[in-house]
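Undergrad: Last residue of the sequence shown? That's 431 in the working numbering, and every number before it is there in order. Virtual Cβ for every residue (Gly too), placed ideally from N, Cα, C.
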Amino acid sequence: MTESLSIIVFLIVLFFLLGSSLWIGASLLGTAVLGMALFTTRPIGDSMAITIWGSQSSWTLTALPLFVWMGEILFRTRLSETLFRGLAPFLGNLPGGLLHVNIGASAVFAAISGSSAATVATVGKMSIPELRKRSYPEKMIIGTLSGAGTLGLLIPPSISMIIYGVTVNESISDLFMAAMIPGIVLALCFMLYVVIWSLLHKETLDRVGAVSWGDRLRALKDLLPVMLLITAVIGSIYSGVATATEAAALGVVGSILLSIGQRSFTLSGFGDSILGATRTSAMIMFILMGSGFLSLAMGFTGIPKGLAEGIVSWDLSPLALITVLTLFYMVLGMFLDGISSIVLTMAVIEPMVRTAGFDMIWFGVYLMVVIEMAQITPPVGFNLFVLQGMTGKDLGYIARASAPMFFVMCAFIAVLVLFPEMATWLPGILH
C-alpha cells in the first residue's frame with residue numbers, strides 16, 4: 001500500500017465516522033483500529049493500551065479538569081453581572097459605548113475560565129438583554145460577543161493551550177506567559193474596530209454618561225474580587241510560586257470563595273459544576289485517547305514522515321509555510337472543533353514547524369488565534385451555535401455579524417508573524 005492510498009483510506013473512514021454523528025473520540029479510535037488492521041502487523045490491543053495509558057498519564061494534564069471545574073463554578077455565579085457593572089464606568093464612554101464592556105467583560109472572564117463557549121454564554125446572558133434595552137445594533141452586539149468570546153482560547157488559563165503543550169511537550173507555564181500580551185492586544189484590536197465602526201457610522205449609541213472618579217472607585221468593588229482571583233492564578237504561575245496544576249487548584253478554591261462572597265453558592269450548583277466539569281474533561285480525554293492512537297497508527301504507515309518530507313521538498317519560505325498552515329487550519333476549523341484540530345494535526349505539523357525553525361511557544365500562540373477563528377466560522381463554529389441559542393437568530397445572520405471580527409483576527413495574525421516578540425518577549429524576561 002502506498003502512502004497516498006493510506007492517506008485516502010484514513011480520511012474517508014474518519015470523515016465517514018464523523019459524518020455519521022459518532023463521538024469524535026470514538027471516530028478517531030475506530031479510524032486508528034482500521035488503519036492498524038489494514039496497514040500494519042502490529043498487535044492492535046497492546047499498542048492501544050500502551051498509547052492510551054501514555055497519553056493520559058501526564059501529570060501536566062491534571063491542570064485541565066481543574067481549570068474546567070473553575071470555569072464551571074464561575075459560570076453559575078453572578079460574575080457576568082458584576083463584571084458588566086464594574087467595567088461600565090471605565091469603558092462605557094468610549095466611541096462605541098457599552099459594546100466595549102462586552103469585549104472587556106469577555107476578556108476578563110476568559111482569564112479565569114479558559115473556555116470560549118463558557119465566556120460567550122456567561123457574558124452574553126447579561127450583556128445581550130442590557131444592550132438590546134439600550135437599542136444597540138443587533139449585529140454589533142452579536143459580533144463583539146462572538147469575537148471577544150474566542151479570547152477564552154488565548155488568554156491564560158486556556159484549556160486548548162494545555163492540550164497543545166501536552167501534545168508537543170512544551171512548558172504550559174511558558175505558553176501561558178507567551179499568550180498574555182497577544183491576548184490583551186487582540187482584545188484591544190476588537191475595541192479599536194468598535195471605535196472605528198462607531199466613528200464611521202456616526203450612530204448615537206447610549207453611553208454611561210458623566211462618571212466621576214468616585215463612581216469609578218465604587219465600581220472597583222465589583223471588579224476587585226475577580227481581579228484578585230486572576231492575579232492569584234496567573235501571578236502564581238508567572239512568579240514561579242506554583243505550577244499550572246497547583247495554580248488550577250488555587251483557582252478552584254478561589255472560585256468557590258468568590259461564589260460564596262457573591263451569595264450565589266448552592267449545594268445543587270456545586271454538584272452541577274462537578275458534573276459539568278466531569279463531562280467536559282471526559283470528552284476531552286476521550287478525544288486525546290483517540291488522537292494519540294490515531295497518531296501511532298499513522299506513524300506506523302509513515303504518513304506523517306512522508307507528508308513532512310513532501311512539504312519540505314516544496315522548499316517553502318517560513319512566511320509561505322505559515323500562510324499555507326493558516327489556510328489549512330481555516331478550512332479544517334469549518335468542520336472540527338479547536339481541540340480536535342490540534343490533536344489531529346500535531347503529529348504531522350510539529351516536525352514540519354520545528355524543521356522550518358519556528359519557536360514552538362510562538363507557534364502555540366499563533367495556533368490559538370487560528371483556532372479562535374474556527375470558533376466563529378460556519379458550519380461548525382461552536383460560538384455561533386451558543387449565540388444562536390441565546391439570541392434566536394439564524395446561523396447565517398450570526399455568521400455575517402461575526403465576519404468583521406474574523407477579519408480582525410486575520411489582521412492580527414499578520415501582526416503576530418511580523419512581530420513574533422509579542423509572544424516570545426515575556427517568557428524570556430520572566431525566565
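Flag this pair as touching only if the stretch 14-34 and the stretch 278-294 have three or more C-beta atom pairs under 8 angstroms; answer yes or no.
TA: They touch, by the three-pair rule.
Undergrad: Using a Cβ-Cβ cut-off of 7 angstroms (strictly less than) and excluding sequence neighbours within five positions of Met1, which residues of its own chain qualify?
TA: With a pLDDT of 48 at Met1, under the threshold of 50, the predicted position of this residue should be treated as unreliable, and no value is reported.
Undergrad: Can Val195 and Leu294 be called in contact, C-beta distance under 9 angstroms?
TA: No, they are not a contact pair.
Undergrad: Rounded to whole angstroms, how far is the Cβ of Leu131 from the Cβ of Gly364, which I believe are closer than 8 angstroms?
TA: The pair is not a contact, with the Cβ atoms about 34 angstroms apart (cut-off 8 angstroms).
Undergrad: How is the alpha helix (DSSP H) around Pro65 delimited, first residue to last?
TA: Taken as a continuous stretch (DSSP letters only), the alpha helix (DSSP H) holding Pro65 covers 63-75.
Undergrad: Measure the Cβ-Cβ separation of Thr345 and Leu332 and say whether it is below 9 angstroms.
TA: For Thr345 and Leu332, yes; Cβs fall inside 9 angstroms.
Undergrad: For Asp315, does the count of other Cβ atoms within 10 angstroms reach 16, so buried, or fall short, so exposed?
TA: Exposed.
Undergrad: Going along the chain, which residues of its own chain have a beta-carbon closer than 8 angstroms to the beta-carbon of Ser341, five neighbours each way excluded?
TA: These residues qualify, in order along the chain: Tyr329, Leu332, Gly333, Ile371, Ala374.
Undergrad: Which term fits Leu297, buried or exposed, when burial requires 16 or more other beta carbons within 10 angstroms of its beta carbon?
TA: Going by the sequence as given, residue 297 is Ala instead of Leu. By the neighbour-count rule (16 or more Cβ atoms within 10 Å), Ala297 is buried.
Undergrad: Return yes when the Cβ of Val226 is within less than 9 angstroms of the Cβ of Gly235, no when it is not.
TA: It is not a contact, given that the beta carbons lie outside the stated cut-off.
Undergrad: Taking only the alpha-carbon atoms, compute the straight-line gap between Tyr193 and Ala249 and give it to the nearest angstrom.
TA: Roughly 37 angstroms separates the two Cα atoms.
Undergrad: Closer than 6 angstroms by C-beta to Lys139: which residues in its own chain qualify, once you throw out the five before and the five after it? Chain order, please.
TA: For Lys139, where only same-chain residues beyond five positions count, the Cβ hits under 6 angstroms are Ala401.
Undergrad: If you run the structure through DSSP and keep just helix, strand and coil, what is Asn102?
TA: Helix at Asn102.
Undergrad: Following a CB-centred definition, is Trp425 positioned closer than 8 angstroms to any heavy atom of the ligand ADP?
TA: The ligand ADP is not part of this structure, which contains no ligands at all.
Undergrad: Kindly indicate which residue of Gly389, Ser264, Met368 has the alpha-carbon position closest to the one of Met180.
TA: Looking at the Cα atoms, Met368 is the closest of the given residues.
Undergrad: Alpha carbon to alpha carbon, how far is Leu387 from Ser135? Give it in angstroms, no decimals.
TA: Near 18 angstroms, if we compare the C-alpha coordinates of Leu387 and Ser135.
Undergrad: Starting from Gly147 and walking both ways along the alpha helix (DSSP H), at which residues does that stretch end?
TA: Run containing Gly147: 138-149, per the alpha helix (DSSP H) assignment.
Undergrad: Taking its Cβ as the centre, do 16 or more other Cβ atoms sit within 10 Å of Leu14, making it buried, or is it exposed?
TA: Buried.
Undergrad: Using the rule of at least 16 other Cβ atoms within 10 Å of the residue's Cβ for burial, across every protein chain shown, is Pro448 buried or exposed?
TA: Given that the chain is displayed from residue 1 to residue 431, the structure contains no residue 448 and the question cannot be resolved.
Undergrad: Are Leu258 and Leu220 close, meaning C-beta to C-beta below 9 angstroms?
TA: No, Cβ-Cβ distance for Leu258 and Leu220 is not below 9 angstroms.
Undergrad: Going by CA-CA distance only, name the one from Phe67, Leu418, Ala117, Gly147 that's closest to Gly104.
TA: Of the candidates Phe67, Leu418, Ala117, Gly147, the one whose C-alpha sits nearest the C-alpha of Gly104 is Gly147.
Undergrad: In chain order, what are the residue ranges of uninterrupted alpha helix (DSSP H) at least 4 long that sit wholly in the stretch 273-298?
TA: Complete alpha helix (DSSP H) runs here, min 4: none at all.
Undergrad: Give the DSSP-derived three-state secondary structure of Ala356 in the structure shown.
TA: Ala356 falls in the coil class under three-state DSSP.
Undergrad: Under 7 angstroms Cβ to Cβ from Arg78, same chain only, skipping five residues before and after it: list those, please.
TA: Excluding positions up to five away in sequence, the list reads Gln262, Ser264.
Undergrad: I'd like to know whether the C-beta atoms of Gly152 and Ala110 end up nearer to each other than 9 angstroms.
TA: It is a contact, given that the beta carbons lie within the stated cut-off.
Undergrad: Can you give the Cα-Cα distance for Ile155 and Ala49, rounded to whole angstroms?
TA: Their Cα atoms are separated by approximately 35 angstroms.
Undergrad: Among the candidates Arg42, Thr31, Ile8, whose CA atom is the shortest distance from the CA of Ile287?
TA: Residue Thr31 is the option with its Cα nearest to Ile287.
Undergrad: Which residues in the same chain have their Cβ closer than 7 angstroms to the Cβ of Cys189, if we skip the five residues on either side of it in sequence?
TA: Taken in chain order, the residues that qualify are Val408, Phe412.
Undergrad: Using the three-state DSSP reduction, which class does Phe265 fall into: helix, strand or coil?
TA: If DSSP states are grouped into helix, strand and coil, Phe265 belongs with coil.
Undergrad: With respect to the alpha helix (DSSP H) encompassing Lys125, which residues constitute its N-terminal and C-terminal limits?
TA: Per DSSP, Lys125 belongs to the alpha helix (DSSP H) from 116-133.
Undergrad: How would you write the range of the alpha helix (DSSP H) that Arg400 sits in, first residue to last?
TA: From DSSP, the alpha helix (DSSP H) with Arg400 extends over 395-418.
Undergrad: Could you give the uninterrupted runs of the alpha helix (DSSP H) lying entirely in the stretch 211-270, keeping only those of 4 residues or more?
TA: Counting whole runs of 4 or more residues, the stretch 211-270 contains the alpha helix (DSSP H) stretches 213-238, 244-261.
Undergrad: Cα separation between Tyr397 and Thr377?
TA: In a straight line, the C-alpha of Tyr397 is about 12 angstroms away from that of Thr377.
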